[in-house]
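So the protein sequences, as listed, match chains A and B.
Here the first sequence stands for residues -7 to 338, where the numbers follow our numbering.
Here the second sequence stands for residues 16 to 682, where the numbers follow our numbering.
Just so it is clear, CB atoms sit at the ideal spot from N, CA and C, and this is done for glycine as well.
Computed from a predicted structure; not experimentally measured.
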Amino acid sequence: MTLKRLFAGAAAMAMAFVLAAPLCVRTASAATELTVYTAVEAEDLKRYAAAFNEDHPDIAIKWVRDSTGIITAKLLAEKNNPQADVIWGLAATSLLLMKGEGMLEPYAPKGLDKLNPKFRDKDNPPTWTGMDAWIASVCVNTVEAGKKNLPMPGSWMDLTKPVYKGHIVMPNPNSSGTGFLDVSSWLQLFKEDGGWDFMDKLHQNIAWYTHSGSKPCKQAAAGETPIGISFAFRGAKSKAAGAPLEIIVPKEGVGWDMEATAIVAGTSKLEAAKTLVDWTITKKANTLYNEGYAVVAYPGIAKPVEHFPPGIVDAMIDNDFLWAAQNRKRILAEWQKRYDSKSEAK
Amino acid sequence: MAEAAAIAARPVRAKLSRDDIIMRGAMVVLALFLLVAIVLPLYFMLSKSFETYTYRFESIEFQVNDGDGWGETLNALTLGQALGVVTPERMVTSNGGRFQASEFFPDFSFRSPRLYRIRNAQEDAGGFMVGGGPVFHTEWVEVTSNDFRRVQIRPALSTGVDNYIAYVNTPSLFFSVYNSLFIAVTTTVIVIGLAFFYAYALTRTCMPFKMLFRVIALIPILAPSLLPAISLVYLFGNQGIIRELLMGERIYGPIGIVIGSAFWTFPHALMILVTALSISDARLYEAAVALRTSKLRTFLTITLPGAKYGLISAIFVVFTLVITDFGVPKVIGGQYNVLATDIYKQVIGQQNFQMGAVVSVVLLLPAVVAFIVDRIVQRKQVALLSARAVPLQPKPNRRVDIGMGIYCGVVAVVIVGILGMAFWASLIKFWPYNMSLSLGNYNFDVMDGGGWEAYGNSIRMALYTAVFGTMIIFSGAYLVEKGRGFEFGRGVIQFLVILPLAVPGMVLGLAYIFFFNHPGNPLNFIYGSMAILVLCTITHFYTVSHLTAATALKQMDPEFEAVSASLKAPFYRTFARITVPVCLPAILDVSIYLFVNAMTTVSAVVFLYSTDTTLASVAVLNMDDAGDIAPAAAMAMMIVYTSAGVRLLHALLTRGLQRRTQAWRTR
């Protein structure tokens, strides 16, 4: 091979990549393409889109998926130049932040009155509607707890007992939506002073705080820690994968957040966006949500989900989302001051 | 008359040839590229760090109605100052800050029948929130006492140094500076110590298996920095196989960060130190022997000073790499906060972009200081090797050779052990409860993080970076080294190409968000695309590539250009026919360097990838973050396999090419 041919080859290869790149991205071209931001698990997205396209083949969905924190950051960063048309499947507390910035388009989807009133924005017309609830739980690894002779905890207060010192992992509320949900629920359950008092004691037993909300349960599943404060859905999945886990619902009640849907203000495809949001609150859509989540917005259709702890629905506290969203900044600053400084780092 | 005098007084200047014009045009293009790729993003980040949010209470007005009609209009600022609830410290907040309106009414009770009215005195002053939504217009908004508790005042955007003041006054943030410095200094001391003796053994002894030891020590370069951290979890975590070695200490924290950082920075230090120790003058050692100088004294007075500049360079490289690394502390840092993880937490966790920018500026400082000191020291370096120097040939010394062989063996076993642990863990079905082997962890498509698509994207990104990066960087180096005249332009470019070395990847990534996502930026469209990832990666690794290319070009005699010019051959023909073929080994080195780094980098791209462009290295991070540590290990190993495969291909290609195009080097 001569040098010339080598160069020609290299150049052709480079050209091929340049040409191939845009081709790979654009394949489907339906009548309307909606850019939908979501934090729903990757494996569920394909099902959601397929079910929607059964009824509305003329609207194609372009998913932009990431974890709750990152999608929230992305939306806020794009505040003055929104890229999304619809948000489908993001924490209600995150949507409230966006509502506070005036980023959401108020819209009352068809069939709104059929939803459980807990699962909608209180404004009329609402800026967001709920899909399903995502409930806090405690994952306990029975093998590791047995090895260390730890009793099975039954309540949040149990977790403050000295016997659990260094054996509990929970998400950092500053980086995890689940962590914030825990903290805001404790402040509502035990009231402001009692809540901080509880966390002061709990902090003594925490081995480390994780960045993500599912990690404590996965670490409990892997025996890295005996107890992880996480959410029920994650625990049920790990249990199904064969982890020696017990999912505990603390008897005082558990915090929860919901995945919700909203139209981004300023979208140029408002009609298609409304069609999609109408569909997201239908019975059919809610049946889909029920495959992973035990509690959904549409009353009367939820079937029990495998490995979900019994009684978890009754334990859901009467969560004041607006209060949580409005006080988020203050709570996080206080939390950081108390528990995130160097003196605690071991 | 006057005109003629002016013409006469004009100095004589060489006429610009067509070559010169093209070259200057190319140089302007290169300067523009660097402006967009590094200067403007950094400027935008700096200005972002001075963006603050302050409450504009003077433009908020209240009225109260106790059933007897609306009372007088109350200004929030006057009212707040009289009550003492508005103080200068409380005026300053950050993005998302909210001030409770009921604080202006000490007798407030949400059960009271009193009615409240609130309005903006002017439209663009931040506004207030009613029922969770913002109000910016200047009409009165009437609410009951029960709803008034949900009324909050929003801050307005302004500029100032308040973010920096807040940073220094937040202990949890400010402590990260100490933590980062502690980790960086400790790791540097350990790595430099280990690498120096390893390099010494490779260059100054007759120890056996030198080639093998050299290859093993360079392996960590092929892995993302997340890999050692993941391995450490399996080795020393609570279910780790050799956790007893830590004697009760916990791996999550400074110990883990230091070990993990040492693993991946070791080859960087080693390469510099091997080069430094390879250059030596045997005559000095002969003189030492003749004067009966002791071994220790010879080492202290000849070997160490000879390697001085290499040592200083290695120290700064390791220090900068560690302090700016994000992967290791993210995975194994536990509660131990460092600057790099703080940026991530501020931006991703709290959406506080301004504070993220402040931490970035703080992180930029030590890197810039290290960079400047290194430059100053390098300038002082004089040629150690004169033309009369005799290269030192190490003599066999049984005791030293065996001792060094054992030492290198131990280091090599640790490196292979850490890598092997990740390899093994990636094949275990469900650690530690089901230790059977399976490839289930490689089934990335059922996990968060982007699946196999992310791996494909990484390969594409690395190829683009290698192809386009090499083209840009080599042409740029050619313009700077071989260009004629236009000293000023070349000086500016020379400064600009060194700049990326001092900018940590995370800082660059964040700067890119601020710059490219700005709605007024005409380049806005590349935000979220593959192009921005490629641009960011090329920029991040620009300097080292440029220096490699420049060194190769410097070795070429300028007469090539002179002869071509006298033969009236345009410079681009000389470039294509002579310069490129002669420098082909260096070009290949640059492209492989870019490829491997594009595969392994996390910090530069973690803020920039989008759903269509998830990358393997980011997938490792996100899978670990979600707790899927075994698949994270599997993906990290995929990166290692790929980088190693490409390296191997490169070695074969270089050998073939060298035989074809570099025959002139041998006589």
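Check, Outcome
"For the beta strand (DSSP E) holding A/Leu237, just list the boundary residues, first then last.", "Leu237 to Ile240"
"Return no unless some Cβ of chain A is closer than 9 angstroms to the Cβ of B/Ser195.", "no"
"Could you check if B/Thr93 is buried or exposed, using at least 16 other CB atoms within 10 Å of its CB as the buried criterion?", "exposed"
"Take B/Pro447 as the anchor and find which of B/Met486, B/Gly255 and B/Gly535 has the nearest alpha-carbon.", "B/Gly255"
"Which whole-angstrom value is the C-beta distance of B/Asp357 and B/Ser191, which I expect to be below 8 angstroms?", "5 angstroms"
"Distance, Cα to Cα, A/Gly187 vs A/Ile160?", "18 angstroms"
"Is it true that the CB of B/Leu514 sits closer than 9 angstroms to the CB of B/Leu49?", "yes"
"Pull up the distance between the alpha-carbon of A/Asp185 and that of A/Ala265, whole angstroms please.", "44 angstroms"
"Assuming B/Met42 and B/Leu494 are in contact, meaning their beta carbons sit under 8 angstroms apart, how far apart are those beta carbons, in whole angstroms?", "5 angstroms"
"Within the same chain, show all residues whose beta-carbon is closer than 7 angstroms to that of B/Ala385, passing over the 5 residues directly before and after it, in chain order.", "Phe331, Phe334 and Thr335"
"Short of 8 angstroms in beta carbon distance, which residues of its chain neighbour A/Trp327, apart from the five on each side in sequence? Order them along the chain.", "Pro165, Asn166, Val175 and Met191"
"Indicate whether at least one CB of chain A lies closer than 9 angstroms to the CB of B/Asp640.", "yes"
"A/Cys131 lies in the beta strand (DSSP E); which residues open and close that run?", "Thr121 to Asn133"
"For B/Val100 and A/Thr217, I'd like the C-alpha separation in whole angstroms.", "45 angstroms"
"With 16 other CB atoms within 10 Å as the buried threshold, where does B/Thr108 fall?", "buried"
"Within a Cβ cutoff of 8 angstroms, which residues of the same chain sit near B/His283, ignoring the five residues on either side of it in sequence?", "Ile236, Ala329, Val332, Val333 and Leu336"
"What three-state label does DSSP hand B/Met144 in the structure shown?", "strand"
"Would A/Leu26 pass as an interface residue toward chain B - the criterion being a Cβ-Cβ separation below 9 angstroms?", "no"
"Quick one, are the C-beta atoms of A/Phe300 and A/Ala228 less than 9 angstroms apart?", "yes"
"Using beta carbons (cut-off 9 angstroms, strictly below), is A/Asp36 in contact with chain B?", "no"
"Determine, using beta-carbon pairs with one atom in the region 69 to 89 of chain A and one in the region 108 to 127 of chain A, whether at least three such pairs fall under 8 angstroms.", "yes"
"I'd like to know if B/Phe368 contacts chain E, where contact means its C-beta is closer than 9 angstroms to some C-beta of that chain.", "Protein chains in the displayed structure are A and B, and chain E is not among them."
"Could you run through the region 420 to 452 of chain B and flag, in chain order, every residue whose CB is less than 8 angstroms away from some CB of chain A?", "Phe445, Trp446, Pro447, Tyr448 and Asn449"
"So what does B/Phe445 bridge to, in DSSP terms?", "B/Asn449"
"Apart from the five residues on each side of it in sequence, which residues of its chain come closer than 6 angstroms, Cβ to Cβ, to A/Ile53?", "Leu26, Val28 and Ala41"
"For A/Ile273, which three-state DSSP category applies?", "coil"
"For A/Gly158, which of helix, strand or coil comes out of DSSP?", "coil"
"At a CB-CB cut-off below 8 angstroms, which residues of chain B make contact with A/Trp55?", "Thr626"
"For A/Phe223, list the residues DSSP reports as bridge partners.", "A/Ala128"
"Between the Cα of B/Ala171 and the Cα atoms of B/Phe151, B/Arg164 and B/Arg165, which residue gives the shortest distance?", "B/Phe151"
"By the 8 angstroms beta-carbon criterion, what residues does the region 58 to 77 of chain A contribute toward chain B?", "Asp58, Ser59, Gly61, Ile62, Thr64, Ala65, Leu68, Ala69, Glu70, Asn72, Asn73 and Gln75"
"Around the C-beta of B/Leu47, are 16 or more other C-beta atoms found within 10 angstroms, so that it is buried, or is it exposed?", "exposed"
"Spell out whether any CB of chain B is found under 9 angstroms from the CB atom of A/Ala13.", "Note on A/Ala13: pLDDT 45, under 50, position unreliable in the model; the coordinate value appears next. Yes, A/Ala13 lies at the interface with chain B (some Cβ there is under 9 angstroms from its Cβ)."
"For B/Ala305, count neighbouring C-beta atoms within 10 Å of its own C-beta (all shown protein chains included) and say buried if the count is 16 or more, exposed if not.", "exposed"
"Where does A/Asp365 sit, in a helix, a strand or coil, going by DSSP?", "The shown model of chain A, from -7 to 338, leaves out residue 365 of chain A, and the question about it has no answer."
"Rounded to a whole number of angstroms, what is the C-alpha to C-alpha distance between B/Ile133 and A/Pro291?", "39 angstroms"
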